[in-house]
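Scroll down for the structure; my scribbles are underneath it.
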Amino acid sequence: MTGTQEKKRVFIKTYGCQMNVYDSDRMADALASDGYEATDKVDDADLVLLNTCHIREKAAEKVYSELGRLRVMKEEAARSGRAVTIGVTGCVAQAEGAEIARRAPVVDLVVGPQSYQHLPQLLRDVAGGKRAVETEFALAEKFERLPAATRERTRARGVTAFLTIQEGCDKFCTFCVVPYTRGAEVSRPVARIVEEAQRLADAGVREVTLLGQNVNAWHGAGTDGREWGLGELLFRLAEIPGLDRLRYTTSHPRDMDDALIAAHRDLPALMPYLHLPVQAGSDRILTAMNRKHKADDYLRLVDRIRATRSDIALSSDFIVGFPGETDEDFEATMRLVETVGYAAAYSFKYSARPGTPAAGRDGHVDERVMSERLQRLQALILDQQTAFNRSRVGTEMDVLFEKAGRRPGQLMGRSPYLQAVLVDGDESRIGTIGRVSITGLGSNSLFGTLAEPVGRTAAISSTVEAIT
Ligand code: SAH
Ligand code: SF4
Ligand code: F3S
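Numbered according to UniProt numbering, the sequence shown spans residues 1 to 468.
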């Protein structure tokens, strides 16, 4: 016990994917019921949590440099008689728990992603003078034992929200740490997901993005007694009044089933944007990556999806320089990108991760070659992204207004295709969907003018063809 009634402050820094963003909020919720309020100023904090990512070496190393800075801060605070607790959570905590404790004595607390429900107790242990390291796998109970956000906290987070419905991964791509840091796939039960989505909608959230490392592998017992997949779950969530827009990420190509594809045609609330990572375009590399599909399977899948929903915007992740990747393999990736035509995509240099099968493989690709390939790929992706954005100029789209823009009197919203759209408009429109005529193209956003407001229910009426 602290013996004081004064509020304690927590600063949480989030690295990595959306699941960490969601987890950081859930940790803040758990800590709020324990008397902590969130601060965005690290110097004011009594507790600093680094919610970390282990996906690439650079991401993991950032944590240690941040801990160096926090050591100085903690020592300065100690000199003025103030105790600061430093915790590492997330995927680096899971992968390197013991090493963090050894390399960074400044750390009081290490908690893996499956154990956040224990955070308040672990903090009491730390207050009692212990150093706590908790990296048990207990995924099934994690979410169900973390307290929900209050209405006020949800409101303060805005009109869009993440909702994790699935965690962990059983795919074991040979480059990837996720199956080790997040454990085996676990799907949350329908009732809990619906309850959480309902609470979000009641607090004013208009758009929910369902999250999972492999979100389209989600499955569960449906309310009709049948086994549901993500498609059925989306239909159920669309019944919740006020939830105008649904999205999901990230999907594995192998788990895109017919029901989910059909939902993109039949469910107006499901936005026409799909992140469907392929990683590479060469079958030899896809096999070495253990992606469980060939380039052609992916292309045929894209065709099926577009035959169902012609305007869908696609995005992907790519890795260049996987061990053994030749110029020819890389050209196959470029060809695949040209064939698909993406609205957006993320690409990375291969990073050898400890404990993954690919890390020990021969065929290391020279750093310079990797940089050249990355540059070419990113230039192609940028061209496609610009072409996609430009193709919307002159059309009308429904935009969900999320927040004030940078300039006074300006609003920032998102199109169905996840593009940022800036318009002049009153802040009272935040949380509503308005019809916008797209008039111009900026570097990271589209510009538009408000046409007639269409209220809260989005009419999906854009008929622009997807670029090919
Ligand atoms: N579950 C998601 C993505 C997880 S990680 C999926 O299966 O698509 C996000 C992206 O990081 C991956 O899609 C991949 O492109 C990239 N990535 C993962 N491990 C990597 C590594 N070792 N080196 C470089 N990029 C990596
Ligand atoms: Fe990693 Fe592959 Fe699982 Fe995605 S599907 S999280 S890339 S192992
Ligand atoms: Fe990173 Fe863990 Fe997400 S490794 S990408 S934070 S699942």
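Ideal placement from N, C-alpha and C gives every residue a C-beta, glycine not left out. Please read these numbers as outputs of a predicted model, since none were measured by experiment.
In its own chain, which residues sit with a C-beta less than 7 Å from the C-beta of residue i, not counting the 5 before and 5 after it?
i           : result
residue 147 : 29, 30, 33
residue 454 : Confidence at residue 454 is low in this model, with a pLDDT of 48, below 50, so its placement is unreliable and the value that follows should be read with caution. Around residue 454: 398, 433, 434, 435.
residue 457 : Note that residue 457 scores 43 on pLDDT, short of 50, meaning its location in the model is unreliable; the coordinates nonetheless yield the value given after this. Closer than 7 Å at Cβ, skipping near neighbours: 244.
residue 234 : 246, 263, 267, 270
residue 405 : 411, 412, 422
residue 162 : 18, 21, 22, 209, 211
residue 35  : 7, 8
residue 473 : For the chain, the structure presents residues 1 to 468; residue 473 sits outside this window and is missing.
Would residue i and residue j be called neighbours here (beta carbons separated by less than 9 Å)?
i           : j           : result
residue 191 : residue 243 : no
residue 188 : residue 160 : no
residue 315 : residue 295 : no
residue 388 : residue 423 : no
residue 301 : residue 270 : no
residue 110 : residue 89  : yes
residue 205 : residue 249 : no
residue 117 : residue 166 : no
residue 177 : residue 236 : no
residue 19  : residue 182 : yes
residue 381 : residue 324 : no
residue 261 : residue 199 : no
residue 299 : residue 386 : no
residue 356 : residue 175 : yes
residue 343 : residue 313 : yes
residue 203 : residue 241 : no
residue 273 : residue 418 : yes
residue 173 : residue 185 : no
residue 67  : residue 42  : no
residue 352 : residue 384 : no
residue 414 : residue 207 : yes
residue 359 : residue 289 : no
How far does the alpha helix (DSSP H) with residue i in it reach, from first residue to last?
i           : result
residue 305 : 295-308
residue 289 : Counting along the chain, residue 289 falls outside any alpha helix (DSSP H), and DSSP gives it neither H nor E.
residue 127 : 119-127
residue 65  : 57-79
residue 387 : 367-390
residue 154 : 151-156
residue 191 : 190-202
residue 18  : 18-32
residue 332 : 327-340
How many whole angstroms separate the CB atoms of residue i and residue j, which I take to be in contact at a CB cut-off of 8 Å?
i           : j           : result
residue 522 : residue 445 : A query on residue 522 cannot be resolved here, the shown segment of the chain reaching from 1 to 468 and no further.
residue 275 : residue 310 : The pair is not a contact, with the Cβ atoms about 18 Å apart (cut-off 8 Å).
residue 114 : residue 143 : That pair is no contact at about 10 Å.
residue 112 : residue 94  : 4 Å
residue 469 : residue 149 : Since the first residue of the chain shown is 1 and the last is 468, residue 469 is not available in this structure.
residue 341 : residue 373 : Wrong, their Cβ atoms sit about 20 Å apart, outside the cutoff.
residue 425 : residue 450 : 5 Å
residue 72  : residue 47  : About 17 Å separates the two Cβ atoms, so there is no contact after all.
residue 122 : residue 27  : Residue 122 to residue 27, Cβ: 11 Å. No contact.
Considering just the uninterrupted stretch of the beta strand (DSSP E) at residue i, what are its terminal residues?
i           : result
residue 261 : Here residue 261 belongs to no beta strand (DSSP E); instead the alpha helix (DSSP H) covers 258-266.
residue 235 : Unbroken run through residue 235 is the alpha helix (DSSP H), 230-238; no beta strand (DSSP E).
residue 223 : From DSSP, residue 223 is part of no beta strand (DSSP E); its letter is neither H nor E.
residue 89  : 85-89
residue 48  : 47-52
residue 397 : 396-404
residue 412 : 410-414
residue 161 : 160-164
residue 209 : 207-211
Suppose the cutoff is 8 Å on Cβ atoms and the five residues either side in sequence are ignored; what does the same chain contact list for residue i look like?
i           : result
residue 64  : 103, 104
residue 15  : 50, 51, 52, 53, 59, 62, 63, 90
residue 69  : none
residue 216 : 229, 230, 248, 251, 252, 255, 256, 257, 260
residue 1   : Low local confidence applies: a pLDDT of 42 at residue 1 is under 50, so the model's placement there is unreliable, with the coordinate-based value given in what follows. Hits under 8 Å: 124, 127.
residue 108 : 85, 86, 87, 126, 131, 132
residue 77  : 83, 84
Keeping to the same chain, check which residues put their C-beta closer than 6 Å to that of residue i; ignore five residues upstream and five downstream.
i           : result
residue 448 : 421, 423, 436, 437, 438, 439
residue 92  : 52, 54, 60, 63
residue 319 : 279, 348, 350
residue 49  : 12, 87, 89
residue 229 : 219, 257, 259
residue 461 : Because residue 461 sits at a pLDDT of 37, beneath the cut-off of 50, its placement in the model cannot be relied upon, and the point is left open.
residue 333 : 280, 281
residue 363 : 323, 324
residue 4   : Its pLDDT being 48, under 50, residue 4 is placed unreliably in this model, and the value from its coordinates should be taken loosely. No residues qualify anywhere along the chain.
residue 361 : 323
residue 292 : 254
residue 265 : 308, 309
Please enumerate, following chain order, all residues with a beta carbon closer than 6 Å to at least one heavy atom belonging to ligand 2.
169, 171, 172, 173, 176, 178, 179, 213, 214, 252
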